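Counting in the numbering used here, the sequence shown runs from 1 upward without gaps. Below is one structure; the comments refer to it alone.
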Amino acid sequence: MTCDEARERIPFYAARALPEPEGVALLEHVVGCEPCQGELVEAMRLGHELRAAFARLPGPPAGTWLSVAARTVGASLLAVGVGAEIAGLTLAVEATKSGFSVTGSLSLLGREVPVLRI
Ligand SMILES: [Zn+2]
């Protein structure tokens, strides 16, 4: 695997979205490539910080989700996208039977990379 191929896969690996054979091949490269090690560490750190930031967000008052969910199950409540053609970030909130799901994804060169699912 070349460094370019590794760099393309690192965001997917950090988001736990890379199939295992590709993950193994990536790690085999990264073990012997210091610059790619730095990229991987940075991608993992960014993903961790993003998940931690969302975990710290305060929730609504008790009962709010229930009353909203009763009227909106299956509906997409919010979708926010920022960025450009090369890279972007999308956050979406959707009502489900058990509450709400929040998903976030990075868009890198036209490929979607899931980075968050709460
Ligand atoms: Zn490399």
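Glycine is no exception: its CB is placed at the ideal position from the N, C-alpha and C atoms. Nothing here was measured: the structure is a model prediction, and the numbers come from that model.
Simplified DSSP assignment, three categories, for residue i
| i | result |
| --- | --- |
| Glu90 | Looking at the sequence shown, residue 90 is not Glu but Thr. Strand at Thr90. |
| Pro35 | helix |
| Leu57 | coil |
| Ala52 | helix |
Whole-Å CB distance - residue i paired with residue j, under 8 Å assumed
| i | j | result |
| --- | --- | --- |
| Leu91 | Leu106 | Leu91 to Leu106, Cβ: 11 Å. No contact. |
| Cys33 | Arg7 | That belief does not hold up - the Cβ atoms of Cys33 and Arg7 are roughly 10 Å apart, past 8 Å. |
Identity of the residues DSSP links to residue i by a beta bridge
| i | result |
| --- | --- |
| Glu112 | Ser107 |
| Gly47 | Gly47 pairs with nothing; no bridge assigned. |
| Val102 | Val93 |
| Arg117 | Thr103 |
Unbroken alpha helix (DSSP H) run spanning residue i, endpoints
| i | result |
| --- | --- |
| Gly23 | 20-31 |
| Pro11 | 3-14 |
Chain-order list of residues whose beta-carbon lies under 7 Å from that of residue i (same chain, five-residue window excluded)
| i | result |
| --- | --- |
| Val30 | Ala6, Cys36, Gln37, Leu40 |
| Glu112 | Ser105 |
| Ala25 | Met1 |
| Gly23 | Tyr13 |
| Arg51 | Leu116 |
Cβ neighbours of residue i in the same chain (closer than 6 Å, five flanking residues each side left out)
| i | result |
| --- | --- |
| Ser101 | Glu94 |
| Ile10 | Glu39, Leu40, Ala43 |
| Ala14 | Ala43, Met44, Gly47 |
Cβ neighbours of residue i in the same chain (closer than 8 Å, five flanking residues each side left out)
| i | result |
| --- | --- |
| Glu28 | Met1 |
| Ala17 | Val113, Pro114 |
heavy atom of ligand 3 below 7 Å from residue i C-beta
| i | result |
| --- | --- |
| His48 | As far as ligands go, the structure on display features ligand 1 and does not contain ligand 3. |
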